[in-house]
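So the structure is just underneath, and the comments pick up after that.
In our numbering, the protein residues as written are 86 to 1018.
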């Protein structure tokens, strides 16, 4: 798809109307949201302001550089550059005096007023209203805002759109409309008017260009690339879309076209589809100008030409300031793409032209410099010689503004201060001769033709140059560094900070792909002020020193005295400023260290500890890096530790000295980790503070704690432990307390001799009536009223007796004596008499008492002889203690089986005998009957 086709949808009237309706609806929605949330926003802003004294909601891009940490109020005046200081007043005057009566979404402004604010030119010009956002208001308009303003301007009569179906390039900004009626004054579409969208949209967007901005730029590019403006035969741009004018080609217009195309090429990554054609147009146009409009003999660009670059007469060969100022800018841009090679013809021509323009007007050959106004005249004749015409002597604001821009561009690419100084001369002239304080604007011309009116376009071109001056002004840095490499450590009372500062202008020039062409540096900024703000590590200000920069390199010598404690990360904030350049800031950190360096402490390992009242010997090696001998006192500072101070210890320079200390833990110090300081002082000056730590443990300790984990209420709990006195020369006494809700509390006084270890045994009574399964005993060891150890003992509560098992046969044969075996646990610590009751009858087992621990009760049950007592049987088993309290009550079931003997004699024989008798008699009866027969 071609570029032309890809942007067709951006040109339809219907789409533009839809855009307008949508924007109005969107604006209404935004206003509603704003009205609903304004209270909340104000509250949040107030909250931020209250919580953060540095809070600011000012998004002014000009003030980005002031965001330097800890910039105090005394330096606030440095944040205002000289170039934009009048911008707010001028804009206020534009709004009040230049605003037209036309009612559109975007205010439109007329061309000119007099010094009283009365309108002199009531026409609204497209260029003025486009240039406004790229000059005076540029600081307030980013990519999002500029596209909104641009689309609003396209919805006014300033933008023309014809029948696109007949001519796809029948669109663009016309020259002007009436400021009252809105009627079109000039329907011509000028080249410069339709180049300005490219400048405004790209330059206000920054590095990242939004898609809508990109599309509008492409649309403008397609227009100027079309036959409406571009003549592919002559390789030049028409001044107007109509080719009926006699003089079609104006150098100024073609120079602007070159700059617009180079700007697109500079943003190649954003415009991949048109970048190559843009560069081609710029190159072809430049070649045409150099071949046809450049005076190789006398230097300078001519004014205009007819078709085929012909018809350049005497008046056309005049050298106008605005044309040649812009010519210098374009030559320098091509020099940039030539790699800033000093042999480049572009650079040579730009340099020669600049030198020619700077010749005094009355010299032979002359130039345009007018020393009376410190500004340039309006134009010169072809050979720069001859009597001055009246309009030659005019000092034109807009032309000189462009020349100021050319001077700044020269300085940007060369770092030659001469060019910047000339820009300053022009600035001073504008402020002294042109600025009308009553009108808050710059008058149109001085010199031979005085025009006191305030022309909007001229003022905006000046604002454009001032903004460029602001960018140059703000491209300053200050490099700061110490006179050595490595860690910035300075020895107290010996070293001197040697800080070098280089206040300079720096500009990095790049190709479109980001490759650096060159880094332009001007490092001879003098007559500047440099401030050094010294700060503690917490940013508290120590002091501020001020000096004057008289050479490109400035050095600060600052002795490190004992007024600066030993800390890391002190900082020096350096602030430089001058009237010619913006202030620059930088910061560097340093450390204040001692010239005494301590080694590893001998006798103090990681596992070393002290008992209360114990003494330990340590040795601390100290190396002195001072270049003189030191005599110091050494003291120990710590809570709970003490040491005899060492007085008047000499440390020889560059020598190691071993310091021996005896450290004693106080008798009554709290056990725990102790941090101590070994401090080396002379009078009130501390030269070294060595910080170490040691664990202090209690001189009284205990161990081997053993106790019964289970107990029956009313019984004693056996507790034993070993108490240890670590003091070699002192005895100790303490109290051992056992307390709890379910015990009889004990308070035991214990004495231990020197270095004694004593085994202690205690019986603690568990009271009766305990309802819980577990109780707690608080064990505390006290020295006086101070508890030094505590521990909780957890004791499980047991029942006095616990049935382990009952054993009895499940089946018993008649005549067999079964044994009842009961295993029972006596959890008490004494013997217990008991009674065994079977089926309500006391029986007499062999075991007479239940001893502490596990007991086995055995009892033989009377054997069963009754042959007819068989089947399921049950016994009730009950055990009572000596107080006739039932300990156990259980039931056992068993089955009585018939014995073989009883089966035969009590069941079979009684049946067999009668049968046998019957059989015998029956047999006899049978025999008798047989005998009878």
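Backbone N, C-alpha and C define an ideal beta-carbon position, used for all residues, glycine too.
*Kindly list the residues whose CB is nearer than 7 Å to the CB of residue 269, restricted to its own chain and excluding five residues on each side of it in sequence; keep chain order.*
Numbered from 1 along the chain shown, position 184 holds the residue referred to as residue 269. Result list for residue 269: 242, 259, 262, in chain order.
_Using C-beta distances below 6 Å, list every residue in its chain close to residue 580, excluding the 5 sequence neighbours before and after it, in chain order._
Within the chain shown, numbered from 1, the residue matching residue 580 stands at position 495. Correct list, in chain order: 645.
*List the DSSP bridge partners of residue 318.*
Within the chain shown, residue 318 is the residue found at index 233, counting from 1. Beta-bridge pairing links residue 318 to no other residue.
_Cβ contact (3+ pairs, closer than 8 Å) linking the stretch 330-340 and the stretch 387-406_ = yes
*Residue range of the alpha helix (DSSP H) that includes residue 507*: Locating residue 507 in the chain shown gives position 422, where the first residue counts as 1. Its alpha helix (DSSP H) spans residues 502-514.
*Nearest residue (CA-CA) to residue 833, options 904, 840, 730, 848*: For this step, residue 833 is matched to residue 748 along the chain shown. Considering only alpha carbons, the answer is 848.
*Using alpha carbons as the reference points, say which of 425, 454, 630 lies closest to residue 593.*
Here residue 593 refers to the residue found at position 508 of the chain shown. Of the candidates 425, 454, 630, the one whose C-alpha sits nearest the C-alpha of residue 593 is 425.
*Alpha carbon to alpha carbon, how far is residue 307 from residue 300? Give it in angstroms, no decimals.*
Taking the first residue of the chain shown as 1, we reach residue 300 at position 215. Taking the first residue of the chain shown as 1, we reach residue 307 at position 222. Roughly 10 Å between the two C-alpha positions.
*Specify the secondary structure class of residue 424 as computed by DSSP and reduced to three states.*
Position 339 of the chain shown, counted from the first residue, corresponds to residue 424. For residue 424, the secondary structure class from DSSP, reduced to helix, strand or coil, is coil.
*In its own chain, which residues sit with a C-beta less than 7 Å from the C-beta of residue 1005, not counting the 5 before and 5 after it?*
For this step, residue 1005 is matched to residue 920 along the chain shown. Within the same chain, residue 1005 has no close Cβ partners at all.
_Proximal residues to residue 596 (C-beta, below 8 Å), its chain only, five neighbours per side dropped_ = Position 511 of the chain shown, counting from 1, holds the residue named residue 596. Only 422, 602 meet the Cβ criterion.
*Is residue 812 helix, strand or coil when you go by DSSP?*
For the purposes of this step, residue 812 is taken as residue 727 along the chain shown, with counting starting at 1. Coil.
*Please name the residue in 856, 979, 352, 929 whose C-alpha comes closest to that of residue 903.*
Residue numbering aside, residue 903 sits at position 818 when the chain shown is read from its first letter. Distance from the Cα of residue 903 is smallest, within the candidate group 856, 979, 352, 929, for 979.
*Could you tell me if residue 183 is buried or exposed, where buried requires 16 or more neighbouring beta carbons within 10 angstroms of its beta carbon?*
Here residue 183 refers to the residue found at position 98 when the chain shown is read from its first residue. Buried, since its Cβ has 16 or more Cβ neighbours within 10 Å.
*When we look at the beta-carbon of residue 292 and count the other beta-carbons within 10 Å, is it buried (16 or more) or exposed?*
Along the chain shown, read from residue 1 onward, the residue named residue 292 stands at position 207. Exposed, because fewer than 16 other Cβ atoms sit within 10 Å of the Cβ of residue 292.
*Mind checking whether residue 721 and residue 736 have CB atoms under 7 Å apart?*
Sequence index remark: in the chain shown, residue 721 carries index 636 (1-based). Sequence index remark: in the chain shown, residue 736 carries index 651 (1-based). Not a contact, by the Cβ cut-off of 7 Å.
*Count the other CB atoms, across all protein chains shown, that sit within 10 Å of the CB of residue 667; report buried if there are 16 or more and exposed otherwise.*
Taking the chain shown and counting its residues from 1, one reaches residue 667 at position 582. It counts as buried.
_Quick check: what's the CA-CA separation for residue 831 versus residue 877?_
Within the chain shown, numbered from 1, the residue matching residue 831 stands at position 746. Within the chain shown, numbered from 1, the residue matching residue 877 stands at position 792. Straight-line Cα distance between these residues: approximately 15 Å.
_Separation of residue 501 from residue 660, as counted between CA atoms_ = Here residue 660 is taken as the residue at index 575 of the chain shown, counted from 1. Here residue 501 is taken as the residue at index 416 of the chain shown, counted from 1. So the alpha carbons of these two residues sit roughly 24 Å apart.
*Just confirm the distance between the C-beta atoms of residue 944 and residue 959, as a whole number of angstroms; I'd bet it's less than 8 Å.*
As a working note, residue 944 is residue 859 in the chain shown. As a working note, residue 959 is residue 874 in the chain shown. Rounded, the Cβ-Cβ distance is 16 Å, inconsistent with contact.
_To the nearest angstrom, how far is the alpha carbon of residue 623 from that of residue 813?_
Numbered from its first residue, the chain shown carries residue 623 at position 538. Numbered from its first residue, the chain shown carries residue 813 at position 728. Looking at the two C-alpha atoms, the distance is approximately 49 Å.
*Identify which residue in 551, 539, 781, 476 has its Cα closest to the Cα of residue 513.*
Along the chain shown, read from residue 1 onward, the residue named residue 513 stands at position 428. Answer by Cα proximity: 551.
*So, do the stretch 667-679 and the stretch 799-809 have three or more beta carbon pairs nearer to each other than 8 Å?*
no
*Taking the Cβ atom as the reference point for each residue, do residue 747 and residue 727 lie within a distance shorter than 7 Å?*
Position 662 of the chain shown, counted from the start, is the residue given in the question as residue 747. Position 642 of the chain shown, counted from the start, is the residue given in the question as residue 727. Pairing residue 747 with residue 727 gives a Cβ-Cβ distance that is not under 7 Å.
*Which ranges does the alpha helix (DSSP H) cover as unbroken runs of at least 4 residues, wholly within the stretch 539-622, from first to last along the chain?*
541-558
*Close beta carbons around residue 822, own chain, < 6 Å, minus the five adjacent residues each side*: Locating residue 822 in the chain shown gives position 737, where the first residue counts as 1. Answer for residue 822: 832, 865, listed in chain order.
*asked:* Under 8 Å, with one C-beta from each stretch per pair, do the stretch 545-561 and the stretch 486-497 reach the 3-pair mark?
replied: yes
*asked:* My parser needs the beta strand (DSSP E) runs of 3 or more residues fully inside the stretch 367-393; what are they?
replied: none
*Inter-stretch contact at 8 Å, needing at least 3 Cβ pairs: the stretch 442-452 / the stretch 511-526*: no
*asked:* What does the Cβ neighbour count give for residue 630, buried or exposed, with the cut at 16 atoms within 10 Å?
replied: Indexing the chain shown from 1 puts residue 630 at position 545. Residue 630 should be labelled exposed.
*Identify whether residue 437 lies in helix, strand or coil by the three-state DSSP scheme.*
Mapped onto the chain shown, residue 437 falls at position 352. DSSP places residue 437 in helix when its eight states are reduced to three.
_Can you tell me whether residue 191 is helix, strand or coil according to DSSP?_
By one-based count along the chain shown, residue 191 stands at place 106. It is coil, neither helix nor strand.
*So does residue 894 have its beta carbon nearer than 6 Å to some heavy atom of the ligand NAD?*
Of the ligands one can find in the structure shown there are none, so the ligand NAD has no counterpart to examine.
_Residues sharing a beta bridge with residue 676, DSSP_ = Working through the chain shown from its first residue, we reach residue 676 at position 591. BP columns for residue 676 point to 574.
_Can you check which of these residues, 353, 769, 655, 683, is closest to residue 742 by C-alpha distance?_
As a working note, residue 742 is residue 657 in the chain shown. Selected option, being the one with the closest Cα: 683.
*Meets three-Cβ-pair contact criterion under 8 Å: the stretch 770-781 and the stretch 854-862*: no
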